[in-house]
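Here is the structure we will look at, set down as structure tokens.
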Amino acid sequence: MIANYGYKDGSGDYFIAIDTDKCDGCKDCVSACPYGVLDVGPDQNDPLSDNEVAFVTEAERKKIKYTCAPCKPMTNRPPLPCIASCKQKAISHSW
Amino acid sequence: MVEQQRTELWRWTESRWMNPDLDWRGKLITSGIDVGSVSSQAVILTDGELYAYSNMRTGVDSPDSAMKAINWAMENTGLTLKDLAYTVGTGYGRVNVPFSQRAITEIACHARGGNFMYGPTVRTILDMGGQDCKAIHCDEKGKVTNFLMNDKCAAGTGRGMEVFADLLGVSINDVGDLSLQVDKEPPPVSSTCVVYAKTEATGLLREGWPKNKVLAAYCSAMAHRIMTLLERIGVEEDFAITGGIAKNKGVVTRLEKEVGIPIMKTKYDTQIAGAIGAALFAKALLEKTKK
Amino acid sequence: MITMGIDLGAKNVKVVILKDNKIVAKSNVLAGFEVKENAQKAIDIALKQAGISKDDLDKVVSTGAGEKLAPFYDETKSIVGCDSLGAVYLHPAARSVIDVGAEEGRGMRCDNTGKIIDFEVNEKCAAGAGAFTEAMSRALEVSLEELGPLALKSTQDIPMNAQCTVFAESEVVTMVHNKVSKADMSKAIHDAMASRISSMIRKIGFDKDVVLVGGVAKNIGFVTSLNKDLGLEVVVPKDPEYVGALGAALAAAGWKGGA
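See the structure below:
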């Protein structure tokens, strides 16, 4: 499953996509994110599965444009820590 | 089929349905309760078959709304809460359904419920609710394969439409039909943000635009906005729309034109998809634990 | 040399007239729906105040969202450029400028001549602009002027979940229903707005001094929340809503800082 967490508002599209088929629930992204945007737990959108997968925390889903902003400076942008930490390449950002 | 309707002058029409040909006695009874920000639904299944449902406005709090919805669905059936073998709550107030055994996201429930309502060929489900908009891809079993949900911004949700209905003094039930009564389609309202769109609409009214033309401009802006949201995950056939705005012909007709794919029809109330999915999960979870 | 700057914002039209780089007149008129007529009104007021006629103007620069709607002008210049020019003129140490207007929030970094290095604009979403506090004041039934000072009386932090102005309106109505104090709600409103503005600024980075301009800069509740969020004291010039128009007039005069 591709789980797109985030939103679209007048100013643009802000989604973090997690490929739950690739995600192995290792939690590397959870410790890599400096702002606690990600967490790992039972797949909320596949209630019959017992696998644990990464997701964007409920509180952050409506404001990732703002929370993720410090990791996305306008110039000299380094690789995003969440994406860099994911060995399975299961995370992507839309903006 | 016995259809009962309660008409409210304010906002949309509540509904209740039951299947008189089914007898629940001796069968496995599961239920699903969808407590949304604007509406709440209760669905009762007997051995996985649709037995009864209710669809009403969400009241002051979630537990109360859940109770009212299930009581209305059970009305004149002889069923009591004790007869429900397993109940799953879903929607915005899902963790506050007092008689439920589990809460499941509306994404999972809409996919499952959409699969039941529209059949196994449905691949894309768009749910336009009171305070959110969800685009879901699912497989032939109703399992989610891709989704996105927008509940951060009121544009493209029922709330946005309510704001417009309020501004123009038009009942939400009439918005769709009125918006289609234009000779020529006006350009859509250009602001996405509901606050700015409202300012824009006020300007249009001052310029002398009639109400239906302003509504047409807003419905087409909303259709376009939902289209751009859908584009993120793409639209795969077959395509179905659930939720309250599915009843707004002004938005649906325009969206169908933009997407270029026919929208599936259903005999069910489009607002009960989430609750059906929840009731189906209730059955599946019960069977899983028994194994 | 006499120059005029016109800033046609989403809500107000501001006009500033400079004589040899000194402010001699300024005016502020609601834009309403007849923007052109109201812009003319603002210009007439300013001209009268300066005791001059239109023909005495050497150059006129128009800026803001409705810059093209000015009844007359020689040039248009971007609002971010005008903001930074105006801010550096009023506060020479300004290196970062935040402008929160009625329908737009902007952040910019500039050099000592007011030249833009980097900028970011939050438009098309009311949650990051003055329209947000305005809608909240209506929902709370507190005037916009009282809303800011009210936040200072808050005794506890309450979170605001909604990120959308429309949803926040419903949230505020529910809170009023649940008897949450208006002071605490007011603080929650300003904290929410400040966090959106500060993250926009963090995106481009900020250098001291940080100058806050635009109409919302007069809202003490917002300024307090923003200071706390950024961890510094922003500088708010006198008459912050005129800074864009001032910058436009400075641009018309060819002012390049350090005068």
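Protein chains in written order, with this note's numbering: chain X, 20 to 114; chain G, 29 to 319; chain B, 73 to 331. Every residue gets a Cβ at the ideal spot worked out from N, C-alpha and C, and that includes glycine.
- The three-state reading of DSSP puts Gly329 of chain B in coil, since its state is none of H, G, I, E or B.
- With a 10 Å radius around the Cβ and a threshold of 16 neighbouring Cβ atoms, Ile230 of chain B comes out exposed.
- Taking a 10 Å sphere around the C-beta of Trp114 of chain X, we find fewer than 16 other C-beta atoms and assign the residue as exposed.
- Boundaries of the alpha helix (DSSP H) harbouring His138 of chain G: Glu134 to Tyr146, taken from the DSSP string.
- Contact of Ser242 of chain B with chain G is assigned, a C-beta pair being separated by under 9 angstroms.
- Annotation: the continuous beta strand (DSSP E) that includes Phe34 of chain X extends over Gly31 to Asp38.
- Thr94 of chain X belongs to the set of residues whose beta carbon lies under 9 angstroms from a beta carbon in chain B.
- In the structure shown, His163 of chain B falls within a coil segment according to DSSP collapsed to helix, strand and coil.
- Each residue's CA atom was taken as its position, placing Gly220 of chain B and Ile273 of chain B some 21 angstroms apart.
- Annotated three-state conformation of Ser113 of chain X is coil, per DSSP.
- With fewer than 16 other Cβ atoms inside 10 Å of its own Cβ, Gly54 of chain G counts as exposed.
- DSSP, read as helix, strand or coil, puts Gly177 of chain B in strand.
- Counted as a single uninterrupted DSSP element, the beta strand (DSSP E) harbouring Met177 of chain G occupies residues Val172 to Asn178.
- In the DSSP assignment, Thr205 of chain B falls within the alpha helix (DSSP H) that extends over Gly202 to Leu212.
- Contact between the stretch 232-241 of chain G and the stretch 107-121 of chain G is not established, with fewer than three Cβ pairs separated by less than 8 angstroms.
- Within the DSSP bridge table, the entry for Asn23 of chain X names X:Ala36 and G:Leu176 as partners.
- Distance between Thr227 of chain G and Val203 of chain G, taken at the CA atoms: about 19 angstroms.
- Under DSSP, Tyr81 of chain G takes part in a beta bridge, and its partners are G:Trp45 and G:Val71.
- Within the stretch 189-215 of chain G, complete alpha helix (DSSP H) segments of at least 4 residues are found at 203-208, given in chain order.
- Checking the DSSP bridge columns, you'll see Asp43 of chain X has no partner listed.
- For Ile102 of chain X, the enclosing alpha helix (DSSP H) starts and ends at Pro100 to Ser104.
- Nearest in C-alpha terms to Cys52 of chain X, of all of X:Val75, X:Ala36, X:Asn64 and X:Cys42, is X:Val75.
- Residue contact with chain B for Gln159 of chain G: present (Cβ-Cβ distance below 9 angstroms to some residue of chain B).
- The beta-bridge partner set that DSSP reports for Thr270 of chain G consists of G:Asp155.
- Taking one beta carbon from each stretch, the stretch 259-277 of chain G and the stretch 291-307 of chain G have 3 or more pairs nearer than 8 angstroms; the two touch.
- Taking each of G:Gly87, G:Ile153 and G:Glu190 in turn and checking the Cα distance to Met177 of chain G, the smallest one comes out for G:Ile153.
- For Leu314 of chain G, no beta strand (DSSP E) segment is defined; the enclosing uninterrupted segment is the alpha helix (DSSP H) at Ala301 to Lys318.
- 9 angstroms or more divides the Cβ of Asn47 of chain G from the Cβ of Ser90 of chain G.
- Secondary structure of Pro221 of chain B (DSSP, three-state): helix.
- Interface criterion not met: the Cβ of Asn299 of chain B is under 9 angstroms from no Cβ in chain X.
- The three-state reading of DSSP puts Cys166 of chain G in strand, counting E and B together.
- It is roughly 20 angstroms from the alpha-carbon of Asp92 of chain B to the alpha-carbon of Asp311 of chain B.
- Per DSSP, the continuous beta strand (DSSP E) segment holding Ile188 of chain B begins and ends at Ile188 to Asn194.
- The residues Met76, Val87, Val88, Ile89, Ala97, Lys98 and Ser99, in chain order, have a CB closer than 8 angstroms to that of Ala118 of chain B in the same chain once the five nearest residues on each side in sequence are set aside.
- Annotated as distal: Ile300 of chain G and Tyr146 of chain G, with beta-carbon spacing of 9 angstroms or more.
- Contact of Tyr54 of chain X with chain G is not assigned, every C-beta pair being separated by 9 angstroms or more.
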